[in-house]
Structure formats: C-alpha cells, structure tokens
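Only one structure is covered here, and it is reproduced in the block below.
As structure tokens, then:
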C-alpha cells in the first residue's frame with residue numbers, strides 16, 4: 001500500500017520515502033512526478049513547485065519486497081489523488097511502468113499482482129494496453145473475478161480512476 005502526504009518538515013528534504021526504498025522505486029516516483037506535473041499544467045490543475053518538493057511517500061508494510069518499476073501507475077494515481085484532494089475509485093488496483101510522458105509499459109508477475117489486489121478487495125485492475133493479451137490469456141481461476149481495463153497512456157485512465 002502507498003500513502004502520499006505533504007510535509008514542510010526539513011527532515012524530508014533529502015529522503016521523501018518511508019521506509020527507504022530501492023532505486024527502481026525512486027526512478028518510478030521521479031518519472032511519475034515529471035509526468036503528473038506536465039498533466040496538471042496541460043489540464044489547468046494547480047500544482048506548485050513547493051507542492052512538488054514536499055511529497056512524502058510511505059510504503060506499507062515496511063518489510064514488503066519492493067523491487068522493479070511496476071508501481072509507476074499506482075504512484076501516479078496517488079500523486080494525482082493528493083493534488084486533486086479526491087480519492088480514486090475504491091475498487092481499482094493498478095500496475096505498470098509509467099514514463100515521464102505518461103506512456104504505460106508492461107510489467108512481469110501479473111498473476112501475483114492480481115492475487116494481491118484481490119486480497120485487498122479490488123475488483124478491477126488497470127493495465128498497460130500491451131498486457132491485454134497476457135491478462136485475457138489467464139485462466140479464469142487466475143483472474144479471480146478481476147476485470148481489466150487497458151490504456152496506452154495514463155491520461156486515458158483518469159475518468160475511470162477519478163470520474164473526471
């Protein structure tokens with residue numbers, strides 16, 4: 001689980017992650033921040049440099065194995081949720097790499113990610129379009145009742161996520 005908060009405390013200036021995370025996660029956050037900043041500018045959503053520099057990312061549970069860049073879409077959702085002060089749809093999970101342009105790309109371990117999402121009570125998963133064949137090729141028991149929505153770019157998911 002990921003929580004994104006604001007903080008003006010100087011203790012977070014050099015490390016905005018609780019707990020410290022692998023470099024792959026830090027790269028995902030950097031790309032997501034670049035993209036979300038551009039998206040806000042494009043859509044006229046107020047987003048200041050001060051806000052950008054005061055995010056704090058808390059990952060739970062602390063002992064979870066986090067490696068790879070599959071958190072790009074969830075990080076982008078959490079950032080936009082904080083900026084808009086609007087919760088995302090409660091039944092969605094998401095996984096995939098995001099570029100600084102919002103382009104979404106595939107990740108590995110889809111069955112495990114579905115299992116984790118179902119365990120958290122999610123019914124829909126947002127995936128990069130290039131994962132459609134992989135998801136549709138899963139056996140029904142591997143899908144565990146989960147339905148998928150696909151996009152090439154993050155912006156295509158905004159209506160699904162926030163209803164805007």
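Numbering (the UniProt record's numbering), first residue to last: 1 to 164.
Built from N, CA and C at the ideal position, the CB exists for glycine as well.
With DSSP collapsed to three states, give me the class of residue i.
i, result
"residue 83", "helix"
"residue 106", "coil"
"residue 69", "coil"
"residue 162", "helix"
Are the CB atoms of residue j and residue i within a distance shorter than 9 angstroms?
i, j, result
"residue 95", "residue 76", "no"
"residue 116", "residue 93", "yes"
"residue 36", "residue 80", "yes"
"residue 89", "residue 129", "no"
"residue 55", "residue 82", "yes"
"residue 150", "residue 131", "yes"
"residue 127", "residue 110", "yes"
Work out the CA separation of residue j and residue i for me, nearest whole Å.
i, j, result
"residue 46", "residue 85", "11 angstroms"
"residue 58", "residue 22", "13 angstroms"
"residue 161", "residue 39", "15 angstroms"
"residue 134", "residue 107", "11 angstroms"
"residue 157", "residue 72", "13 angstroms"
Beta strand (DSSP E) segments (min. 3 residues) lying fully within the stretch 133 to 159: 147 to 151
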